[in-house]
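Read the structure below first, then the notes.
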Amino acid sequence: MMAESRIPLLTEEAAAKAADEIGVLPQMAALNIFRALLHRPNLAKAVQDLLVSLLFRGTLDERLRELVIMRLGWETGSVYEWTQHWKVARELGLPEADLLAVRDWRRSDRFDATDRAVLAATDETLADGVISPETWAELQQRIDDPGVLIELVAAIGNWRMISSVLKSLEIPLEDGVALWPPDGKVPEGRSRS
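Counting in this note's numbering, the sequence shown runs without a single skipped number right up to 192 at its last residue.
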């Protein structure tokens with residue numbers, strides 16, 4: 000089980016009150032990450048607004064976005080990110096096998112050229128902080144809308160930041176949520192939490 004958060008989580012009631020005052024959605028305020036972030040309501044609101052923009056108002060294909068998030072969750076060892084977006088991705092209809100394949104996507108035959116370019120961009124951003132010219136050229140061949148390319152870069156950066164917040168603050172999973180769905184497998188060199 001995960002350790003206690005480094006920042007005490009607000010009670011559900013206190014988080015709901017703070018969220019209501021600043022305009023954070025109730026469903027966000029109920030999540031443990033926001034129960035921590037709402038100690039700084041303006042920051043919580045800014046994070047929520049970016050998440051809402053990318054999750055519900057964006058034009059980046061949902062499948063590609065969720066592959067990015069799952070890859071980031073796996074590579075950074077963020078159980079919270081992996082677990083939250085396992086559920087989201089499955090609800091969006093992404094096959095379980097595709098989600099599991101992001102763990103070792105280069106050896107998988109489950110991904111098309113667009114998926115592979117997006118996953119390469121994700122890995123390169125994690126490793127070097129930038130997408131290589133070769134991968135960028137591949138992305139441009141596959142995604143011809145400059146706005147979608149910007150959104151992809153923002154999505155990679157956003158969920159990388161979220162992973163850092165989750166891990167640095169040691170945000171625990173919500174009660175009753177299983178670790179590392181569906182099989183409990185943990186990234187190499189990581190603990191189960």
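Even for Gly, the Cβ is constructed at its ideal location relative to N, Cα and C.
Test item: CB-CB of Ala-29 and Glu-12 under 8 Å: A distance of 8 Å or more separates the beta carbons of Ala-29 and Glu-12.
Residue nearest to Asp-111 in terms of C-alpha spacing, selected from Leu-24, Leu-138, Leu-125, Val-78: Leu-138
Presumed contact (8 Å Cβ cut-off) between Val-117 and Leu-66, rounded CB distance: 6 Å
Between the Cα of Gly-72 and the Cα atoms of Ala-35, Asp-103, Thr-58, which residue gives the shortest distance? Asp-103
Could you give the uninterrupted runs of the alpha helix (DSSP H) lying entirely in the segment 10-53, keeping only those of 4 residues or more? Whole alpha helix (DSSP H) segments, 4+ residues: 11-21, 25-28, 31-36.
Does DSSP put Trp-81 in a helix, in a strand, or in coil? helix
Just how far apart, CA to CA, sit Arg-106 and Ala-96? 13 Å
Inter-stretch contact at 8 Å, needing at least 3 Cβ pairs: the segment 25-44 / the segment 163-170: yes
Please report the Cβ distance between Glu-150 and Gly-57, rounded to the nearest whole angstrom; I am assuming they are in contact, meaning their Cβ atoms lie under 8 Å. 5 Å
Tell me which residue opens and which closes the alpha helix (DSSP H) that Arg-64 is part of. 61-75
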